[in-house]
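Accompanying notes for the structure given below.
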């Protein structure tokens, strides 16, 4: 088989961080190669170098035998490389056809040949089994449809090598299956494919070969039929990191109860008639593929969204829509989904971030003036207790790594002794070590009697931590299921929206 | 009351509307082009002032009127280049940079004017664009004097509206510009350079703005004096929002605004006892009202004012 | 070539940024002075002499610096919270008008110190209320405050003209229309006798200290800074964005209004439509040169005042048009922007 792609000793540094360290990789014609590694291993950086978003510091790239000029996506596209980005590079306000045709015609052409473009797009759509409406506005499309547009963009530019970055992060199981079938079909038509993933089962099911990256280096390559998930897991992480195990214990009284709550986001219903109960000393896991209403649920439980209908009560008191300040005062601790956008103010130092939520409290302010010494001490305490590395209270918080920032956020929430904790994707983007630390803290809080609601897209995490589980699909919640009864088949059905008649939320 | 209404049937009012609208049309189109590509250009007030001065000065120093306009456009493009360099590759605050450009371009214009021109009792004058009486068409009653007896740059402005509407909607370049204002990463991912597109649009937009200023000194009036732009630049920024960033609607907005301005001027002669300042205030108040009315449904270009840092995803 | 964030900003670098910016602005403006056929060094010498060369010059310069300090503080406070208050000019004028009006007729019999204090509050209230409008429009309707504050400047100046040609006309003024003057009892006493320098300077310095205290030490100030850096995260943390933005608006508008009131009580006595040579806009430059720090605002105001006062003298001595002052100040804004960038970022291959 011919080698269509050869990455030779690619090295890339960002300041003190070496993101890729002399990585060498080959792709053969017609094969599907999986690039596997945990968060921060360097997979996306490597592919960004291939596609020209970055230029490597050392090393070269050869595509179909020709050297690829570095740092220019145009060169990569002309060489036949296409990329489906993890965060889609689409303009929501424009149509599918607009997004696909951009850049494909000479800029100085006097009239855009849209009819030809439309015909070509529809032909490709048919050939590869990716149905789209060329005139639809991208913002109105579902995530799966948008991904199809991203793929068609690459095919429209005659890509012979296709890179997909975490393509199933936003897809439900059936859609993910369908995607891999389409990819297989493409290889039958002569394309070669690399996909990035951190999901072992997908890699085992869909790829011909696997390359494992760890800490910026390629640590192993295997033919997929010759390896196993266990071997890959160990190669990915490099050591046996075991996540902490949940100990079953008796659960307390109901703390936070939602009854038939409906929440609108941007004028559309995002949560419909959802009901759940979280008890003291319990972790309730809400599992689902991204984009099924988790954002609205997170907003509701952070105090940012008001229920259009239904009730949200804390120990019997109505709290729906009271606002973040009231939620904090009521003892609800919130770990937000996006630590950079919502969790911290990057330019402020660690100590101000540690107390920003609680500036009104007497311990941190008197008569409108901030009690700076008390706040600094508090921050120093958090840094020590929660093992936040690379920080003093004065450090600008944006300098912390993702894992350390998350540990600080966790610390500031837990140190307030909350009655209820919202943990929204608490380990997104973290490496195994940080994930284990976060899980340990959540389980400790559970042992102390906090009522925890965990929203997670990682099944393994949700099942490992939760006492009970509910699936979120299209803004609705399934009936709760005890963790012991949540086998993969049952969970799969729940996440696909196949529910029995809802029992009373227990 | 009837006198106020009678004014509406006067052809000279409507002819004035087109004339007053011309600098606004250039200004709105210029601001629109910059913003469609994702850059807010608050330098408009200064760039229009600079265009007014440079256009007039070129003619005063011997160039013909069209060359004067060309030089004014060039000066505008240079100021635009400065704003673009500060805000695009350097990613500085578009608000502050724009304000700085306005202060700088105005100050520079006044300084150079004072340096080169000796001002006596009244500012020196040039021979401006005369209204072009288009044969046959300008004899049509009412419509003739209004539509077919305008100065040449006015027709240029109307042409510019059509050209910009076409380019944005129907050409690959227009698509690239629109996309740059919505998602510059998408532009990069398709092999184009959003930085260059933004810089080019800001330069071209600033050239248009400068033409708007130059119209004031080479057609509407025939001399240059400080503060002659009178906030028209800011009004154009408001009109861009009002026009939902579309050239056709921008033309309508400019005409509507010019109508109120022209009407208010004539109303002063007819209505007794109202201080003239209230009339003069009307255009600014109207702009604010217009902004409030459209604010809710404004479909802003998504990447407007977001600096584009390559590789930062 | 790339820009890479610096992990920390050594304060030495941060302190030299404004100096480098000013030097660059002066160097660029030197080219324009050369075009006038004048030796730039000679011109700058005249400028320094004109602003700092004699006791009288220094007091004139400081008198000019007082309103700049206050409008500079107004802009700094607002910009820190990402509230783009470009309406300092209008807030200045409205504050001035309110003080002239109330101080003329309504306060006879009040002891001077109390009267001055009351009038300061009046000036602040006028400026605050004026900016509250655009702030409300932003909070409620999402209308960008840049354009509304700018347009209001024109409206306010027309309104002031209307008032001083009408109801608030000073019957004793000949020629140029002027408002009724503030009662003599409430004129600010001179700081240095037989000069125009009044105790407004001390008031401005005290206000700068208070603003620093508010921003750095109070809960409100911390929340305002957080909201300016990352509004979404601030909201998540329970900061009430509407209340914070409105609070910032009231403070910022109040500072600019106070500038107008103090100028009336200390210098002009009454209001004319030309009493501000662009204090509001220059305040923005002052704020940027100070990197939005209240302490820096005092120094930056002195610089800008030096340029303006010095330029008049320089113009008389050398024939260089006095607009060079506006050019230098505008250039300083742009060069300071670039300098600030290089304090936060490094250039990397």
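Residue numbers (our numbering), protein chains in the order written: chain A, 363 to 868; chain B, 1404 to 1716; chain C, 8 to 356. Each residue gets a CB set at the ideal place from its N, CA and C atoms; glycine is no exception.
- Your pair residue 1446 of chain B and residue 1537 of chain B does not check out as a contact, with CB atoms roughly 35 Å apart and the cut at 8 Å.
- Secondary structure of residue 651 of chain A (DSSP, three-state): coil.
- Excluding its 5 nearest sequence neighbours in each direction, residue 1705 of chain B has C-beta neighbours in its own chain below 6 Å: 1585, listed in chain order.
- In this structure, A/575 is the residue among A/432, A/646 and A/575 with its C-alpha nearest to the C-alpha of residue 381 of chain A.
- Looking at the backbone, the Cα of residue 768 of chain A and that of residue 776 of chain A are separated by about 12 Å.
- For residue 1415 of chain B, the enclosing alpha helix (DSSP H) stretches over residues 1414-1439.
- Going by C-alpha positions, residue 1649 of chain B is about 29 Å away from residue 514 of chain A.
- Secondary structure of residue 1542 of chain B (DSSP, three-state): helix.
- With a beta-carbon spacing of about 37 Å, residue 194 of chain C and residue 326 of chain C fall beyond the 8 Å limit used to define contacts.
- Nearest C-alpha to residue 1630 of chain B among C/238, C/254, C/190 and C/285: C/285.
- Here DSSP, grouped into helix, strand and coil, assigns residue 190 of chain C to coil.
- Comparing alpha carbon positions, the residue from B/1492, B/1424 and B/1508 closest to residue 1478 of chain B is B/1508.
- Close to chain B, meaning a Cβ-Cβ distance shorter than 9 Å, are the following residues of the region 284-295 of chain C: 285, 288, 289, 291, 292 and 295.
- Residue 1416 of chain B sits close to residue 1410 of chain B, with the two beta carbons spaced by under 8 Å.
- Per DSSP, residue 218 of chain C is one residue of the alpha helix (DSSP H) stretching across 207-224.
- Nearest CB-CB separation between residue 1620 of chain B and chain A: not below the 8 Å threshold.
- Between the region 461-472 of chain A and the region 1573-1583 of chain B, the count of C-beta pairs closer than 8 Å reaches three or more; the two stretches touch.
- Annotation: residue 583 of chain A is outside any alpha helix (DSSP H); the continuous beta strand (DSSP E) that includes it extends over 579-585.
- Closer than 8 Å at the C-beta level to chain C, one finds these residues of the region 1634-1645 of chain B: 1634, 1637, 1638, 1640, 1641 and 1644.
- Of B/1492, B/1636, B/1546 and B/1622, the smallest CA-CA separation from residue 354 of chain C is found for B/1492.
- Excluding sequence positions up to five before and after residue 1535 of chain B, its CB lies within less than 6 Å of the CB of 1555, all in the same chain and listed in chain order.
- Per DSSP, residue 546 of chain A is one residue of the alpha helix (DSSP H) stretching across 535-550.
- Contact between residue 1699 of chain B and residue 149 of chain C holds, with the beta-carbon distance rounding to 7 Å and staying under 8 Å.
- Its chain contains 373 as the residues whose beta carbon lies nearer than 6 Å to that of residue 420 of chain A, once the 5 sequence neighbours on both sides are disregarded; these appear in chain order.
- Residue pairing by DSSP puts residue 382 of chain A in a beta bridge opposite A/374.
- If you draw a straight line from the Cα of residue 1654 of chain B to the Cα of residue 427 of chain A, it is about 54 Å long.
- In the assembly as shown, residue 229 of chain C is a buried residue. Its beta-carbon has 16 or more other beta-carbons within 10 Å.
- Residues are counted here when their Cβ sits less than 9 Å from a Cβ of chain B; for the region 436-453 of chain A these are 436, 437, 438, 439, 440, 445, 447, 448, 449, 450, 451, 452 and 453, given in chain order.
- Taking the Cα of residue 1709 of chain B as reference, the smallest distance to any Cα among B/1449, B/1424, B/1638 and B/1498 is reached at B/1498.
- Look at the region 1602-1648 of chain B and you find these whole runs of alpha helix (DSSP H), each 4 residues long or longer: 1635-1645.
- Contact of residue 245 of chain C with chain A by beta-carbon distance below 7 Å involves 686, 687, 690 and 719.
- A residue is called buried once 16 or more other Cβ atoms fall within 10 Å of its Cβ, and residue 449 of chain A, having fewer, is exposed.
- DSSP places residue 673 of chain A in the uninterrupted beta strand (DSSP E) bounded by 671-676.
- Listed along the chain, the chain C residues whose CB falls inside 7 Å of the CB of residue 1517 of chain B are 328 and 330.
- What residue 237 of chain C touches in chain A, judged by beta-carbon distance under 7 Å, is 707 and 708, going in chain order.
- Within chain C, no residue has its beta carbon less than 7 Å from that of residue 1613 of chain B; the closest one is some 17 Å off.
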